[in-house]
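Colleague: Each residue of the sequence shown is one higher than the last, beginning at -9 in this note's numbering.
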Amino acid sequence: MYQRTDALVLKSFDFKETDQILTIFSRELGKIPVVAKGVKKPQSTLRGLVQPFCYSQFFITRSGEMYLITQGRINEFFGNIREDLDKTLQAIYILELLDKSTVERDPNPPLLDLALQVLRYMEGNPKSSIYLRFFEIKQLGLVGFAPVLDGCCNCRRTDRLYYFSPSSGGALCSDCAPRIGGKRVMPATLAALRTLQQSGLRIIPRLRLSPAVLEQMEKVMEDYLEFYLEKKLNLKEVMRTIKKS
């Protein structure tokens, strides 16, 4: 039986001489492996729609534990992102987060919509690291790991929030941090993350953040993500290396 599904291509690797195995994030089925048979042949009609961060409509059929792609069409290709190295790396990082924060066959349509929303915004706007922080913090909420940013994780007080602890679940006040442990953060960093957590994408152009705050936001989110996902974010080091070169 054939099934139609809209999905974002997360990653792929070669299989046999002319095939590829893809991991796609489907609206109806969640994250699933699919086989694109003959996709590496020059005349294959599937070649365009199996590119990473391509949003496509697939017609698939079940074959044991895998699915086979029979045909499909491209919904969105995000061509402007592909022409910019920084944006391309940011998009691939979003795919890495999607892959590492989800399990197979567990649909999460709001998470797919979030990824598409951010990719569309990146497609039509200047590059910015804020898109990634927005995606990270919204994604954490959608998979059940939202950090506490509006009060101390331990005592719930809402002032003197000068620390952050991934193992505690978010912000800590200056009284609790010495006993529990946490890294010192600037109030502006927590305020910016809290704004992203509570707002939509339209807030991004209105944010005016210093380089120091942007850098600390990235570090705070990276530590938090790696703690809760229990996985290293491989692309982060690549992005840092390219940024320095």
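The beta-carbon is built from N, C-alpha and C at its ideal position, and this holds for glycine as well.
Glutamate 66 by DSSP, collapsed to three states: which one?
Modeller: Strand at glutamate 66.
Colleague: Is the separation between the beta-carbon of leucine 183 and that of isoleucine 127 shorter than 8 Å?
Modeller: Yes, Cβ-Cβ distance for leucine 183 and isoleucine 127 is below 8 Å.
Colleague: Run the CB neighbour count on proline 23, radius 10 Å, all protein chains shown included, and call it buried at 16 or more, exposed below.
Modeller: With fewer than 16 Cβ atoms within 10 Å of its Cβ, proline 23 is classed as exposed.
Colleague: Rounded to whole angstroms, what is the Cα-Cα separation between arginine 36 and leucine 219?
Modeller: The amino acid occupying residue 36 in the given sequence is leucine; arginine does not appear at that position. For leucine 36 and leucine 219, the distance between alpha carbons rounds to 33 Å.
Colleague: Helix, strand or coil: which one does DSSP assign to aspartate 238?
Modeller: Because residue 238 is not part of the residues shown, which for the chain are -9 to 235, the question remains open.
Colleague: Under a three-way DSSP split, which group does lysine 173 fall into?
Modeller: Here lysine 173 sits in strand by DSSP.
Colleague: For glutamine -7, which three-state DSSP category applies?
Modeller: It is a strand residue.
Colleague: Just mark serine 53 as buried or exposed, buried being the case when its beta carbon has 16 or more other beta carbons within 10 Å.
Modeller: Exposed, because fewer than 16 other Cβ atoms sit within 10 Å of the Cβ of serine 53.
Colleague: Taking the alpha carbon of leucine 101 as the reference point, which residue from Cys44, Gln47, Arg17, Gly38 has its own alpha carbon closest?
Modeller: For the residues Cys44, Gln47, Arg17, Gly38, the minimum Cα distance to leucine 101 belongs to Arg17.
Colleague: I believe aspartate 4 touches glutamine 47 by the beta-carbon criterion, under 8 Å. Please report the beta-carbon distance rounded to the nearest angstrom.
Modeller: Between glutamine 47 and aspartate 4 the Cβ distance is about 24 Å, and since that is not below 8 Å, they are no contact.
Colleague: Can valine 29 and glutamine 10 be called in contact, C-beta distance under 8 Å?
Modeller: Yes, the Cβ-Cβ distance between valine 29 and glutamine 10 is below 8 Å.
Colleague: Using the C-alpha atoms, what's the distance from glutamine 61 back to leucine 122?
Modeller: The straight-line gap from Cα to Cα measures roughly 32 Å.
Colleague: Going by the DSSP bridge assignment, what does glutamine 61 pair with across the sheet?
Modeller: Phe49.
Colleague: Can we count glutamine 80 as close to the ligand NAD, meaning its CB is less than 7 Å from some heavy atom?
Modeller: Summarising the ligand content, the structure contains no ligands, and the ligand NAD is consequently not present.
Colleague: In the DSSP assignment, the alpha helix (DSSP H) including alanine 202 goes from what residue to what residue?
Modeller: Per DSSP, alanine 202 belongs to the alpha helix (DSSP H) from 201 to 219.
Colleague: Between which two residues does the beta strand (DSSP E) holding valine 24 run?
Modeller: First-last of the beta strand (DSSP E) with valine 24: 20 to 26.
Colleague: Cβ of alanine 81 within 8 Å of Cβ of phenylalanine 43?
Modeller: It is a contact, given that the beta carbons lie within the stated cut-off.
Colleague: CB alanine 161 to CB leucine 186, shorter than 8 Å?
Modeller: No, the pair does not count as a contact, with Cβ atoms beyond the cut-off.
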